[in-house]
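Here the structure is laid out as structure tokens; the discussion comes afterwards.
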Amino acid sequence: MKKWLAFTGVMLVLMTACTPVYERTDEVVRETTDETNQDTAIIPSFSGSGTDYRVILTEDAPKTSASRGVTTNQMNNRMDIAEFENGLKRHSKEYFPADEYFFQQGQFLTSGVLYEWLSRSSESNEEGLNPELDEEAATEEDFRNAPRYISNIVEQDYLVRNGEDVVETRGITIGIALRSEYNFTVDNREMTENHTTKELLQKGKQYAETILNRLREMEEVPDVPIMFALYEEERNESQVPGNFIAKSYAEGNTLGNFERVKEDYVLFPSEEATENHFDDAQVFSEFRTKISDYFPDFVGVIGQGFYVNDELRNIKMEIPVEFNSQAEIDGFTQYVHSLVREMFSDHYGVEVRIHSLNRQESLIVRERGEEEPYVYVYD
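Just so you know, the sequence shown maps onto residues -23 to -1, 1 to 356 in mature numbering (1 follows the signal peptide of the UniProt record, and there is no 0).
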């Protein structure tokens, strides 16, 4: 169970945040290329918030991707996996607004197709996007001259209602994940080849053009606008995800100019935070100190800031603490709530997760532009 803490002004925010965006659940028929083979689909009435997509469902669950499992097999950093897919939806809203389009996991690119594309080119697989190389016989120099740049491709479909009882695909987004760090093994020695953002932009644009041409040649893919987004992965052991670096939009067979995307995830505390975002790092440090002064069993705070064009959009923090009673949890949560109100600007969102060794104890969230945080305390 969870309970609300009745801090001043909090309950109203909680109740408002839980208000459904739509009043009813609509059952529709998804139009396909074969009019005799139509799938029953459900559009839920609740999207989570007014800015989220409503997800096309089957009668039992969300419709699964035709390439289910590819992402978890191709990407090693769990933070990259989450940001690649969620960030792709965020960027799609510029072209396919959430109040007009419904979201569905990709239905056209299958696992088999993607694994072929993500492999190396060879005589047996001419569709491979990574450069040709006999890895068993390759030397260190060979690997460095022909690295695997592209690691993953994700398709997302965006649908609109076409009449009373039908929805159809009216937009597609393709995400292309690129390795900033390529790891390979020669003579049982593990090696790394690093790639600059400039390199990844050049390669990513080439991949996008190739993929666009292939999609336009596939009969099952509708002739709809396609958005492409390039994602730069972080190294495997990173505590923050990578970021999108460019995006483009194609209504026909030609890609538009790529627009640079300036996003960055920053770890707090870290040298990068202090050097590039000194004021924010100072606020975080003071917050950390106040918590340490208040609670003797405090073991540290880790934060992850999300920047767009060098402006902090939100910060998420984890506070691990060992509690001896529910009263301690309630009191500590109230204290952190007061610090969030007093110390952090409302120009960006704040999320604080307080947890003990085995479970999450409470959650404090203040949306960007809001003054009052809302609070969950878990029983």
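The beta-carbon is built from N, C-alpha and C at its ideal position, and this holds for glycine as well.
Practice problem: Classify M195 as buried or exposed, calling it buried when 16 or more other Cβ atoms lie within 10 Å of its own Cβ. | Solution: exposed
Practice problem: Assign N286 to one of two classes, buried (16 or more other C-beta atoms within 10 Å of its C-beta) or exposed (fewer than that). | Solution: exposed
Self-check item: Nearest neighbour of Y355, chosen from V276, D307, R343 and E248 [CA to CA]
Solution: D307
Practice problem: Assign G280 to one of three DSSP states: helix, strand, or coil. | Solution: strand
Practice problem: With a cut-off of 8 Å on the beta carbons, I'd call E132 and G83 a contact; round off their distance for me. | Solution: 3 Å
Exercise. State the Cα-Cα distance for the pair G148 and P74, rounded to the nearest angstrom.
Key: 11 Å
Self-check item: N242 and V217 closer than 9 Å at C-beta
Solution: This sequence places Tyr at residue 242; Asn is not what is there. Result yes, Cβ atoms of Y242 and V217 sit closer than 9 Å.
Self-check item: Proximity to I188 [Cα-Cα], best of A206, K293 and E176
Solution: A206
Quiz prompt | Pairwise C-alpha distance: E214 and T10 | solution = With a pLDDT of only 43 at T10, under 50, the local geometry of the prediction cannot be trusted, and the value read off the model is given with reservation. When rounded, the distance between both Cα atoms is 44 Å.
Quiz item: Within this structure, are the beta carbons of M204 and E103 separated by less than 9 Å?
Solution: no
Quiz item: Rounded to a whole number of angstroms, what is the C-alpha to C-alpha distance between N301 and S269?
Solution: 17 Å
Quiz item: Taking Cβ positions, are I341 and H314 nearer each other than 9 Å?
Solution: yes
Quiz item: At what residue ranges does the region 283 to 322 contain a whole run of the alpha helix (DSSP H), taking only runs of 4 or more?
Solution: 303 to 320
Exercise. Just tell me which of T173, S42 and E113 has its CA closest to the CA of N165.
Key: E113
Practice problem: Ignoring anything shorter than 4 residues or poking outside the region 190 to 216, list the alpha helix (DSSP H) runs there in chain order. | Solution: none
Practice problem: Label V276 either buried or exposed according to how many other C-beta atoms from any shown protein chain fall within 10 Å of its C-beta, with 16 as the threshold for buried. | Solution: exposed
Quiz item: Buried or exposed: where does T(-16) fall if 16 or more other Cβ atoms within 10 Å of its Cβ makes it buried?
Solution: In this prediction, T(-16) scores a pLDDT of 40, lower than 50, which makes its location untrustworthy; no coordinate-derived value is stated.
Quiz item: Where in the region 106 to 133 do unbroken runs of the alpha helix (DSSP H), each at least 4 residues long, occur, reported from the N-terminal end onward?
Solution: 117 to 122
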